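**Q** After the structure tokens below, expect a handful of questions from me.
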Amino acid sequence: MARLNDEVGALLQEIADLILLTGGDAFRARSYEKAARAVGGYHADLATLDAKGLRDIPGVGTSTAGKITEYLSTGRMAKLDELRAQVPPGVREIMAIPTVGPKTAALIHRELGVSTVDELRAAAEQDRLGDLPGLGEKTAENIRHGIDQLRSGGGRALLDTAMELAEEIVASVGALPECHRCAYAGSLRRMRPTVGDVDVLATAEDSRPLMDALTRLPFVTEVLAAGPTKTSVRTSRGLQIDLRVVPPEDWGAAMVYFTGSKAHNIALRARAVKAGLKLSEYGLFRLTERGDRGSEGEKIASRTEEEVYAALGLPWIPPTLREDRGEIAAALAGELPDLVTVRDIRGDLHTHTDLTDGLAPLEEMLAAAAERGYAYYAVTDHAPNLAMQRMTDEKMLAQRDQVRALDRRYRGMRVLHGTELNIDRDGEVDWPPAFLAGFDLCVASVHSHFRADRDVQTRRLVRACENPHVHVIGHPTTRMLGRRQPIDVDLDAVYAACARTGTALEVNASPERLDLGDEQIMAARRHGVRFAVNTDAHATTHLDNLRYGVGAAQRGWLTADEVVNTWSLTRLRQFLRKRPAG
DNA sequence: GCCGTTTTCGGCCCGACTGTTTTCAGTCG
Numbered sequence: 258m259a260r261l262n263d264e265v266g267a268l269l270q271e272i273a274d275l276i277l278l279t280g281g282d283a284f285r286a287r288s289y290e291k292a293a294r295a296v297g298g299y300h301a302d303l304a305t306l307d308a309k310g311l312r313d314i315p316g317v318g319t320s321t322a323g324k325i326t327e328y329l330s331t332g333r334m335a336k337l338d339e340l341r342a343q344v345p346p347g348v349r350e351i352m353a354i355p356t357v358g359p360k361t362a363a364l365i366h367r368e369l370g371v372s373t374v375d376e377l378r379a380a381a382e383q384d385r386l387g388d389l390p391g392l393g394e395k396t397a398e399n400i401r402h403g404i405d406q407l408r409s410g411g412g413r414a415l416l417d418t419a420m421e422l423a424e425e426i427v428a429s430v431g432a433l434p435e436c437h438r439c440a441y442a443g444s445l446r447r448m449r450p451t452v453g454d455v456d457v458l459a460t461a462e463d464s465r466p467l468m469d470a471l472t473r474l475p476f477v478t479e480v481l482a483a484g485p486t487k488t489s490v491r492t493s494r495g496l497q498i499d500l501r502v503v504p505p506e507d508w509g510a511a512m513v514y515f516t517g518s519k520a521h522n523i524a525l526r527a528r529a530v531k532a533g534l535k536l537s538e539y540g541l542f543r544l545t546e547r548g549d550r551g552s553e554g555e556k557i558a559s560r561t562e563e564e565v566y567a568a569l570g571l572p573w574i575p576p577t578l579r580e581d582r583g584e585i586a587a588a589l590a591g592e593l594p595d596l597v598t599v600r601d602i603r604g605d606l607h608t609h610t611d612l613t614d615g616l617a618p619l620e621e622m623l624a625a626a627a628e629r630g631y632a633y634y635a636v637t638d639h640a641p642n643l644a645m646q647r648m649t650d651e652k653m654l655a656q657r658d659q660v661r662a663l664d665r666r667y668r669g670m671r672v673l674h675g676t677e678l679n680i681d682r683d684g685e686v687d688w689p690p691a692f693l694a695g696f697d698l699c700v701a702s703v704h705s706h707f708r709a710d711r712d713v714q715t716r717r718l719v720r721a722c723e724n725p726h727v728h729v730i731g732h733p734t735t736r737m738l739g740r741r742q743p744i745d746v747d748l749d750a751v752y753a754a755c756a757r758t759g760t761a762l763e764v765n766a767s768p769e770r771l772d773l774g775d776e777q778i779m780a781a782r783r784h785g786v787r788f789a790v791n792t793d794a795h796a797t798t799h800l801d802n803l804r805y806g807v808g809a810a811q812r813g814w815l816t817a818d819e820v821v822n823t824w825s826l827t828r829l830r831q832f833l834r835k836r837p838a839g
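Residue numbers (my numbering): 258 to 839.
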């Protein structure tokens with residue numbers, strides 16, 4: 258549903274970047290940026306809006322509405338084409354390097370003739386950057402480091418991008434009369450935070466109509482391979498899609514094989530071999546005495562995943578656990594965790610409104626939350642130390658009055674008034690205890706000093722946990738997938754502090770963060786830490802990101818009982834009382 | 001380019017940090 262909006266948002270953002278790169282008016286660029294964000298997060302599909310409807314989107318005026326209309330009818334934006342003609346595409350990628358903004362990118366392009374990240378890397382290695390006016394050795398070093406960071410993303414797609422694409426393909430291919438079943442597999446089904454390519458599996462007697470349908474999808478730009486069992490294409494976003502078609506009776510074995518992970522499959526195959534069996538994407542086979550060359554032996558399971566696991570003496574293992582991190586031993590012992598699910602979540606405890614940097618007003622966020630059937634919902638706008646949000650005591654208290662008034666309007670859903678505090682370098686937060694005591698809930702997060710050393714980071718997070726008014730540590734490592742490394746912190750000390758003080762760690766569901774990550778969750782739960790799976794929504798559409806957070810939680814083996822926002826309101830309120838100071 | 005109990009021009013989120021400067025520009029959240 259939101260794909261068109263995202264697409265248009267990306268184009269508007271590109272206009273903004275190109276305006277900055279060409280030295281255009283910064284306010285105009287910001288205006289496009291704002292419109293890009295607003296369009297991306299808007300609840301209604303752009304295709305359903307008329308000109309007036311478009312202008313009702315905050316930040317979209319006559320000019321931008323015209324460009325959107327132009328794009329919907331012609332597939333182009335003349336303004337964008339004109340700007341693109343002035344700047345080689347690689348220059349915009351240079352701007353994506355952390356610490357490199359439009360001014361620096363334009364300078365490098367103009368003075369050195371560098372127009373791709375690779376050329377920039379070469380220039381940096383030849384020490385040609387330091388000669389530029391205003392650029393010294395430190396800056397050159399930061400650029401080198403920034404390129405490494407950008408490249409370490411490895412061209413992998415974020416989970417939401419891959420998921421939306423996969424769901425569209427599964428819907429298209431699955432709707433064909435020739436198709437029996439269709440689903441995505443691979444690391445996407447395991448809900449890994451980033452996805453290298455998308456694996457889609459289908460069953461059909463005749464694969465051709467399915468393969469044809471894939472290659473004809475509008476966002477497919479290149480067909481890399483087209484055969485009867487496998488077709489690979491590349492999409493406009495650069496992501497590779499593999500569609501595999503297998504006979505209906507092999508669905509289960511193929512799903513196991515293509516879901517992986519590799520390590521999980523190896524462990525399964527080893528188990529099969531021990532039992533005199535052989536596991537492949539075509540099924541589980543009993544090896545016959547003379548069947549050592551070519552002959553597969555008797556097929557004993559392949560139709561469903563359950564059947565394949567059962568034939569190996571195992572219960573079905575949820576895809577999010579299939580990483581060879583002890584799931585097979587746990588399955589054998591009957592100790593697989595009863596994983597938390599989206600349906601278990603009774604409320605979101607970290608969300609924003611347009612009082613700070615959210616896109617939607619309080620009323621709209623609450624309406625969207627109520628529609629999800631939540632039993633409670635916390636509004637946690639930014640606190641004043643994040644200066645750009647211009648929060649004041651008065652604004653926060655006025656919002657509280659508004660929250661209390663609106664709370665009465667929702668029968669089944671209690672609205673909690675909270676805030677997202679900023680943990681400063683010393684572990685202090687924005688407001689004094691007396692003011693903090695007025696909130697129902699406080700999330701506290703790191704938004705500054707990302708490069709402070711390990712001792713500083715550890716101390717500030719532990720101190721935040723020790724604050725009796727802090728209930729949840731938001732996005733604890735502050736990583737941004739493919740863009741920013743996690744802070745350097747002794748997480749074991751933080752886990753211990755959380756367990757000791759009754760502070761929950763967030764599993765931030767934003768596809769750009771997914772923080773904490775799975776392995777950290779596994780480590781933290783061994784300390785007895787509680788968790789909160791939150792969306793950090795800045796728009797109504799972001800509330801749907803919950804499933805990515807739940808995916809991360811499952812990958813960390815979490816059960817509902819370990820997640821505070823699966824609890825009843827009564828139990829949650831008890832948790833929020835924390836213990837008194839000292 | 002957007003927006004208006006400051007409406008049709010003149011503002012536009014603002015402060016901290018970093019590195020390069022020798023008083024400030026660029027980037028970030």
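Where a beta carbon is used, it is the ideal one built from N, C-alpha and C, also for glycine.
Everything numeric in this text was worked out from a predicted model, so none of it was measured.
Determine the contact status of Glu350 and Val371, defining contact as a CB-CB distance below 8 Å.
**A** Looking up residue 350 in the first sequence gives position 93. Looking up residue 371 in the first sequence gives position 114. Result no, Cβ atoms of Glu350 and Val371 do not sit closer than 8 Å.
**Q** Can you tell me where the beta strand (DSSP E) with Lys487 in it begins and where it stops?
**A** Here residue 487 refers to the residue found at position 230 when the first sequence is read from its first residue. Lys487 to Thr492 is the span of the beta strand (DSSP E), which, as asked, contains Lys487.
**Q** Identify every residue that forms a DSSP beta bridge with Thr326.
**A** The residue labelled residue 326 in the question sits at position 69 within the first sequence. Looking at the DSSP assignment, Thr326 forms no beta bridge with any residue, so it has no partner.
**Q** List the residues that DSSP assigns as beta-bridge partners of Asn679.
**A** As a working note, residue 679 is residue 422 in the first sequence. Asn679 is bridged to Ser702.
**Q** Using only CA atoms, which one of Gly310, Ala304, Thr486 and Gln343 lies nearest to Ile272?
**A** Within the first sequence, the letter at position 15 stands for residue 272. When each option's Cα is compared against that of Ile272, the closest is Gln343.
**Q** How should Ile426 be labelled, buried or exposed, when 16 other C-beta atoms within 10 angstroms of its C-beta is the threshold for buried?
**A** What you label residue 426 is simply residue 169 of the first sequence in a count that begins at 1. Counting Cβ neighbours within 10 Å, Ile426 comes out buried, since at least 16 surround it.
**Q** Kindly indicate which residue of Glu621, Asp605, Gly604 and Arg603 has the alpha-carbon position closest to the one of Asp611.
**A** The sequence position of residue 611 within the first sequence is 354, counting from 1. That would be Glu621, whose Cα lies nearest to the Cα of Asp611.
**Q** Below 8 Å between beta carbons: does that hold for Val727 and Ala701?
**A** Walking along the first sequence from the start, residue 727 turns up at place 470. Walking along the first sequence from the start, residue 701 turns up at place 444. Yes, these two residues count as a Cβ contact at 8 Å.
**Q** With distances taken between CB atoms, is the gap from Ala761 to Ala789 smaller than 8 Å?
**A** If you number the first sequence from 1, residue 761 lands on position 504. If you number the first sequence from 1, residue 789 lands on position 532. Yes, Cβ-Cβ distance for Ala761 and Ala789 is below 8 Å.
**Q** Are the Cβ atoms of His706 and Arg682 separated by less than 8 Å?
**A** Along the first sequence, read from residue 1 onward, the residue named residue 706 stands at position 449. Along the first sequence, read from residue 1 onward, the residue named residue 682 stands at position 425. Yes; because the gap between Cβ atoms is below 8 Å, this pair is in contact.
**Q** Provide the residue span of the beta strand (DSSP E) that contains Tyr634, from first to last.
**A** As a position in the first sequence, residue 634 is number 377, starting the count at 1. Start and end: Tyr633 to His639.
**Q** Is Asn791 helix, strand or coil by DSSP?
**A** Mapped onto the first sequence, residue 791 falls at position 534. Asn791 falls in the strand class under three-state DSSP.
**Q** Closest by CA to Leu416, which one among Leu306, Val455 and Asp595?
**A** Here residue 416 refers to the residue found at position 159 of the first sequence. Nearest of Leu306, Val455 and Asp595 to Leu416, Cα basis: Val455.
**Q** Which same chain residues, not among the five before or five after Ala558, have their C-beta less than 6 Å away from its C-beta?
**A** On the first sequence, position 301 is the one that residue 558 refers to. Result list for Ala558: Leu541, Glu564, Val565 and Ala568, in chain order.
**Q** Where do the ends of the alpha helix (DSSP H) carrying Arg401 lie?
**A** By 1-based counting over the first sequence, the position of residue 401 is 144. Arg401 -> alpha helix (DSSP H) spans Glu394 to Ser409.
**Q** How far does the alpha helix (DSSP H) with Lys519 in it extend, from its first residue to its last?
**A** Within the first sequence, the letter at position 262 stands for residue 519. Taken as a continuous stretch (DSSP letters only), the alpha helix (DSSP H) holding Lys519 covers Lys519 to Lys531.
**Q** Can you check which of these residues, Ile400, Leu275, Glu421 and Leu311, is closest to Pro359 by C-alpha distance?
**A** Translated into the one-based positions of the first sequence, residue 359 becomes position 102. Checked all of Ile400, Leu275, Glu421 and Leu311; the closest Cα to Pro359 is Leu275.
**Q** With distances taken Cα to Cα, identify the nearest neighbour of Lys652 among Asp638, Leu663 and Ala362.
**A** Position 395 of the first sequence holds residue 652. Of the listed residues, the one whose Cα sits closest to Lys652 is Asp638.
**Q** On a Cα-Cα basis, can you pick out the residue from Asp307, Glu264, Ala308 and Gly316 that is closest to Phe284?
**A** Locating residue 284 in the first sequence gives position 27, counting from the first residue. Phe284 has its Cα closest to that of Gly316, out of Asp307, Glu264, Ala308 and Gly316.
**Q** Could you compute how far the alpha carbon of Gly548 sits from the alpha carbon of Arg770?
**A** Here residue 548 corresponds to residue number 291 of the first sequence, with the count starting at 1. Here residue 770 corresponds to residue number 513 of the first sequence, with the count starting at 1. Model confidence at Gly548 stands at a pLDDT of 46, short of 50, so the residue's coordinates are unreliable and nothing is read from them.
**Q** Looking at the unbroken beta strand (DSSP E) that takes in Arg740, where does it start and where does it end?
**A** Numbered from 1 along the first sequence, position 483 holds the residue referred to as residue 740. Careful: Arg740 lies outside any beta strand (DSSP E) and carries neither H nor E.
**Q** Please classify His607: does DSSP put it in a helix, a strand, or coil?
**A** As a position in the first sequence, residue 607 is number 350, starting the count at 1. In this structure, His607 counts as coil in the three-state DSSP scheme.
**Q** Quick one: measure Cβ to Cβ for Gly266 and His795, integer angstroms, because I've assumed they're closer than 8 Å.
**A** Within the first sequence, residue 266 is the residue found at index 9, counting from 1. Within the first sequence, residue 795 is the residue found at index 538, counting from 1. Gly266 to His795, Cβ: 13 Å. No contact.
**Q** DSSP beta-bridge partners for Asp499?
**A** Stepping through the first sequence from its first residue, residue 499 is reached at position 242. Asp456 and Ser489, per the DSSP bridge assignment.
**Q** Can you tell me whether Phe692 is helix, strand or coil according to DSSP?
**A** Here residue 692 refers to the residue found at position 435 when the first sequence is read from its first residue. Looking at Phe692 - three-state DSSP - the assignment turns out to be helix.
**Q** Please report how far the alpha carbon of Asn679 lies from the alpha carbon of Arg438, in whole angstroms.
**A** Within the first sequence, numbered from 1, the residue matching residue 679 stands at position 422. Within the first sequence, numbered from 1, the residue matching residue 438 stands at position 181. Asn679 and Arg438: Cα-Cα distance of roughly 48 Å.
**Q** Is the distance from the Cβ of Thr561 to the Cβ of Pro504 below 8 Å?
**A** Locating residue 561 in the first sequence gives position 304, counting from the first residue. Locating residue 504 in the first sequence gives position 247, counting from the first residue. No, Cβ-Cβ distance for Thr561 and Pro504 is not below 8 Å.
**Q** Can you list, in chain order, the residues of its chain with a C-beta nearer than 7 Å to that of Asn262? Leave out the 5 residues immediately preceding and following it.
**A** On the first sequence, residue 262 is found 5 positions in, with the first residue counted as 1. Counting only Cβ-Cβ distances below 7 Å, and skipping sequence neighbours, we find Val296, Gly297, Tyr299, Asp302 and Leu303.
**Q** From the DSSP secondary-structure annotation, give me the bridge partner or partners of Val480.
**A** Locating residue 480 in the first sequence gives position 223, counting from the first residue. Per DSSP, Val490.
**Q** DSSP state of Tyr441, grouped into three classes?
**A** Your numbering for residue 441 matches position 184 in the first sequence. Three-state DSSP puts Tyr441 in a strand.
**Q** Thinking C-alpha only, which one of Leu340, Glu339 and Leu306 is nearest Ile325?
**A** Translated into the one-based positions of the first sequence, residue 325 becomes position 68. Of Leu340, Glu339 and Leu306, the residue nearest in Cα terms is Leu306.
**Q** Is it right to say Arg449 is buried, meaning 16 or more other beta carbons lie within 10 angstroms of its own, or is it exposed?
**A** Counted from its first residue, the first sequence places residue 449 at position 192. Arg449 comes out buried.
**Q** If you draw a straight line from the alpha carbon of Gln831 to that of Cys699, how long is it in whole angstroms?
**A** Position 574 of the first sequence, counting from 1, holds the residue named residue 831. Position 442 of the first sequence, counting from 1, holds the residue named residue 699. Each residue's alpha carbon lies about 14 Å from the other.
**Q** Checking 8 Å against the spacing of the C-beta atoms, do Asp605 and Ala635 come in under that value?
**A** Position 348 of the first sequence, counted from the start, is the residue given in the question as residue 605. Position 378 of the first sequence, counted from the start, is the residue given in the question as residue 635. Going by C-beta atoms, Asp605 is nearer than 8 Å to Ala635.
**Q** Is Val686 helix, strand or coil by DSSP?
**A** Position 429 of the first sequence, counted from the start, is the residue given in the question as residue 686. Reduced to three states, the DSSP call for Val686 is coil.
**Q** Please report the straight-line C-alpha distance between Thr486 and Gly813, rounded to a whole angstrom.
**A** Counted from its first residue, the first sequence places residue 486 at position 229. Counted from its first residue, the first sequence places residue 813 at position 556. Their backbone Cα atoms lie some 34 Å apart in a straight line.
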